[in-house]
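Participant:
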DNA sequence: TTTTATATCTTAAACGTTTGCGATACTATT
DNA sequence: AATAGTATCGCAAACGTTTAAGATATAAAA
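Residue numbers (the working numbering), protein chains in the order written: chain A, 1 to 397; chain B, 1 to 397.
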């Protein structure tokens, strides 16, 4: 029999073995009816937790000789606290290098002051700019921004939302992936009452605030400009057919034609996946027509760049032979020659506005009614479309 | 005297008024020696907290008829829990739509699984790509990413770090702003024991892991390439003199010259702030020399683009008259004509590596020794520098 | 002197989860 | 029958902060 003393009565004779728990020999004192093991781990005495321990309000409270609640109130200048106490507390806070545990605060208040953002791709300049706008606005109000990219995958998007929504964020700003066509993953989360704001590629089925690009008007402006330059046969490099921006920008295209009393010819519309081969083959097809297109309107700047490079490769002159226009105002459009006519959707402002809508919803609470805001963009005319006035100035930089 | 009953003894006669607290009439029962007010607010009964309440493990515990700790363990398949109980708990969790409160978990564990990232500017493609690499790697390990941009301001950077470090993040990945020249704000935080990883613009004074671009070797490769093309007088558009990348890339420039036995001429080095006017004036000055430079090496792609556009504007042929090379492999370099010779620092990999270093440090704990990893980049030769072999293929796309 | 008012402080519960360790009900062994 | 072993569970504390509401001291009023 081992010489083990009972921690309660101190006796040795009454101790019996009693199996094992978690690999440790267990003992049992007959007299005290008390089970115990010898080695104690002590959760908060050994581990890595120790190092992470910082000054808390309790430390301050002890130092000053008041209660923790007084410290809490003093630090936020609550009226109930005497001016002398406040001073003492604040001084002690500085001396002890007190830093509030924001995690504890958030936990207590059930508010993290974090905005979650899900974008398809951070490296896309448009989204980078939106992100910047969000970050800027959030920061100004003391909010943090957590980002996720879906990589244009519906699955990743759904998984991201699932994780992030579990108490981490106060609101979600989202632009759906190209793949996303069902929105059950979002609707599930909406029950939690966390504000959701859509931007750019929105979801039409949910009662959420939305920030839109003026896709229709913008496209209409571009196409109208091309018409004004004397182009009649205007081809379109569109995206996948189900994609929101494809539908909307095509709508603008059609409107412009209608207003100009030009009949729509479906052969001038090519649905692509924005890849180089798809675009090349679309152009090849058009060039085989007996009458070539006079202009190509590309739904995105990136495809416009690809289009221009291919046309140049084919020794087709821009804009003399074919005008080209894009949509998006990517930086590359100013570099390529001739400079690309495009439409600036003001992505930074899109981000700003989305963040502002979030704040409105937070402040408004139940009184807030969802809004849809369309950001007015800006037609940017550059050489790539200036057929009629070829040779005149490049427009503004 | 008001007809107020004592909540304790129920008597009315013994009640006295006793001033006001928080705007409410206060009463006092002589017999019970008990102060009280009439209206009770009840913190967790009325407010917005209610709506945010979700299913907790306690709810599950009640439903199944076990304790909360059992639920906690069952959900993570702890061996102590019986297989039947586990099944019951998991089933209840699904039925009640239980979502763990990640905030509570983090608070308890003192671990958020969030990586903080501070970059100067999200819209800069280099940083966007780094960010993407970080996000990718973090996501794969179940970590979230919180971003901050300093907007190249030291003050903003310091403020960001201050906020974010208070328990919000498990680690900090940072690229300093151009302005940042003192690092006290960082050193202060290092005491907390949170891993800090530097990338790109590092801090040489701190004992932190770092991820570097191969600035020196990369620049040397570029300049050597220019030398091989027959350029002898190679001018440099540098950045501000104190900037880390300026110093390093200049070092590579000098090394290349030295190896080629060409004497360094300081007049070919121009320190700019990367703005258009500064670059233009640097070029103007060089062109006034009796012997013009044969090549211009720009410390960054963006300044290379500006340089090329200005040279073209001056009707100087690239590369016949002057070769141009950049550093960074921005997308625009593939668009401009002639395409820009540059160096790909592999920003995505930089981000990936920074994140990996963080994980190594977390896993290694005290055993981890800080590392400095240099990411090997890739020389990308395009037309803008192909003087000798002008007219030959464009190199790989 | 008794009652009322004011200013300032304390107490304790609550947030949701984790976890050390004791408790209980068995079965197996001696 | 006494003791030892095993499987499975519960208790309670701990994390750091906030906050409702009671407590106390002191001054003012009746």
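Virtual Cβ for every residue (Gly too), placed ideally from N, Cα, C. This one's a predicted model, so the numbers in the text were calculated from it and none came from an experiment.
Kindly say whether residue 183(B), judged by its beta-carbon, lies nearer than 7 Å to any beta-carbon of chain A.
Facilitator: Judged by the 7 Å Cβ criterion, residue 183(B) is not in contact with chain A.
Participant: Take the Cβ of residue 308(B) as the centre, count every other Cβ of all protein chains shown within 10 Å, and call the residue buried at 16 or more, exposed below.
Facilitator: The residue in question, residue 308(B), is buried, as its Cβ has 16 or more Cβ neighbours within 10 Å.
Participant: What first and last residue would you give for the beta strand (DSSP E) that runs through residue 325(A)?
Facilitator: Its beta strand (DSSP E) spans residues 323 to 325.
Participant: What whole-angstrom Cβ distance do residue 120(B) and residue 178(B) have, given they're in contact under 8 Å?
Facilitator: Their Cβ separation, rounded to whole angstroms, is 7 Å, which keeps residue 120(B) and residue 178(B) in contact under 8 Å.
Participant: Could you give the distance in angstroms between the alpha-carbon of residue 186(A) and the alpha-carbon of residue 79(B)?
Facilitator: When rounded, the distance between both Cα atoms is 35 Å.
Participant: Give the residues of chain A in contact with residue 337(B), contact being defined as C-beta atoms less than 7 Å apart.
Facilitator: Those are 337, listed as they occur along chain A.
Participant: With 7 Å as the threshold, decide whether the Cβ of residue 101(B) is near any Cβ in chain A.
Facilitator: Yes, its Cβ sits closer than 7 Å to a Cβ of chain A.
Participant: Going along the chain, which unbroken runs of the alpha helix (DSSP H) with 4 or more residues stay wholly within the segment 42 to 119 of chain A?
Facilitator: With a minimum length of 4 residues, the continuous alpha helix (DSSP H) runs that stay inside the segment 42 to 119 of chain A are 43 to 46, 49 to 52, 57 to 64, 68 to 75, 83 to 95, 102 to 109.
Participant: Assign residue 20(A) to buried or exposed, taking buried as 16 or more other Cβ atoms, counted over all protein chains shown, within 10 Å of its Cβ.
Facilitator: Exposed, since its Cβ has fewer than 16 Cβ neighbours within 10 Å.
Participant: Would you mind listing the beta strand (DSSP E) stretches within the segment 139 to 221 of chain A that are 3+ residues and don't spill past its ends, in chain order?
Facilitator: Correct list: 144 to 149, 171 to 174, 196 to 199, 209 to 213.
Participant: Quick one: residues in its chain with C-beta nearer than 6 Å to the C-beta of residue 148(A), no 5 flanking neighbours on either side, listed in chain order?
Facilitator: Closer than 6 Å at Cβ, skipping near neighbours: 118, 160.
Participant: Quick one: residues in its chain with C-beta nearer than 7 Å to the C-beta of residue 85(B), no 5 flanking neighbours on either side, listed in chain order?
Facilitator: Answer for residue 85(B): 66, 70, 74, listed in chain order.
Participant: Within the same chain, show all residues whose beta-carbon is closer than 7 Å to that of residue 358(A), passing over the 5 residues directly before and after it, in chain order.
Facilitator: 115, 171, 173, 195, 197, listed in sequence order.
Participant: Determine the DSSP secondary structure at residue 4(B), reduced to helix, strand or coil.
Facilitator: Note: residue 4(B) maps to coil in three-state DSSP.
Participant: From residue 273(B) to residue 182(B), what distance separates their C-alpha atoms?
Facilitator: If I take the Cα positions, the gap works out to 19 Å.
Participant: Please report the residue range of the beta strand (DSSP E) in which residue 361(A) lies.
Facilitator: Premise fails: residue 361(A) lies in the alpha helix (DSSP H), 347 to 364, not in any beta strand (DSSP E).
Participant: Step through the CB atoms of chain B and report whether any lies within less than 7 Å of the CB of residue 400(A).
Facilitator: There is simply no residue 400(A) to check, as chain A begins at 1 and stops at 397 in what is shown.
Participant: If you follow the alpha helix (DSSP H) that residue 333(A) is in, where does it begin and where does it stop?
Facilitator: Per DSSP, residue 333(A) belongs to the alpha helix (DSSP H) from 332 to 335.
Participant: Tell whether a beta-carbon distance below 7 Å holds between residue 64(B) and residue 94(B).
Facilitator: No.
Participant: Considering only their Cβ atoms, is the gap separating residue 341(B) from residue 381(B) smaller than 7 Å?
Facilitator: Yes, the Cβ-Cβ distance between residue 381(B) and residue 341(B) is below 7 Å.
Participant: Mind listing the chain B neighbours of residue 398(A)? Cutoff is C-beta to C-beta under 9 Å, in chain order.
Facilitator: Only positions 1 to 397 of chain A appear in this structure, which leaves residue 398(A) out of reach.
Participant: Taking only beta-carbon positions, decide if residue 193(A) is within less than 7 Å of chain B.
Facilitator: Yes, its Cβ sits closer than 7 Å to a Cβ of chain B.
Participant: Along the chain, where does the beta strand (DSSP E) containing residue 462(A) start, and where does it finish?
Facilitator: Because chain A here runs from 1 to 397, residue 462(A) falls outside it and cannot be looked at.
Participant: Tell me whether residue 135(A) sits in a helix, a strand or coil according to DSSP, three-state version.
Facilitator: Residue state, collapsed to three classes: helix.
Participant: Comparing alpha-carbon positions, which option in 292(B), 165(B), 109(B), 205(B) lies nearest residue 184(B)?
Facilitator: Ranking the options by Cα distance to residue 184(B), first place goes to 205(B).
Participant: Is it true that the segment 313 to 323 of chain B meets the segment 342 to 351 of chain B, where meeting means three or more beta-carbon pairs spaced less than 8 Å apart?
Facilitator: In short, these stretches do not touch, since the Cβ pair count stays below three.
Participant: What is the residue span of the alpha helix (DSSP H) that residue 252(B) lies within?
Facilitator: Unbroken alpha helix (DSSP H) run through residue 252(B): 244 to 259.
Participant: Report the rounded CA-to-CA distance for residue 349(A) versus residue 239(B), giving the unit in angstroms.
Facilitator: The alpha-carbon atoms of residue 349(A) and residue 239(B) are separated by roughly 30 Å.
Participant: Counting only C-beta atoms, is residue 131(A) closer than 7 Å to chain B at any point?
Facilitator: Chain B contact via Cβ: present.
Participant: Which residues in chain B sit within 8 Å of residue 51(A), going by Cβ to Cβ distance?
Facilitator: Within chain B, the residues near residue 51(A) are 193.
Participant: Where residue 14(A) and residue 61(B) are concerned, what is the direct C-alpha to C-alpha distance, given to the nearest angstrom?
Facilitator: Going from the Cα of residue 14(A) to the Cα of residue 61(B) covers about 37 Å.
Participant: Let me confirm a value: residue 39(B) is counted as buried when at least 16 other C-beta atoms fall within 10 Å, else exposed. Which label applies?
Facilitator: So residue 39(B) ends up on the exposed side.
Participant: Write down the C-beta distance between residue 223(B) and residue 257(B) rounded to the nearest angstrom, noting that I regard them as a contact closer than 8 Å.
Facilitator: Rounded, the Cβ-Cβ distance is 7 Å, consistent with contact.
Participant: Are residue 384(A) and residue 335(A) touching if we call contact CB-CB under 7 Å?
Facilitator: No, these two residues do not count as a Cβ contact at 7 Å.
Participant: Verify the CB distance criterion: does residue 393(B) have a CB-CB separation below 7 Å to chain A?
Facilitator: Legend: pLDDT at residue 393(B) = 43, less than 50; position of this residue unreliable, value from coordinates given subsequently. Chain A contact via Cβ: absent.
Participant: Nearest-angstrom Cα distance between residue 188(B) and residue 137(A)?
Facilitator: Using only the alpha carbons, I get a separation of about 27 Å.
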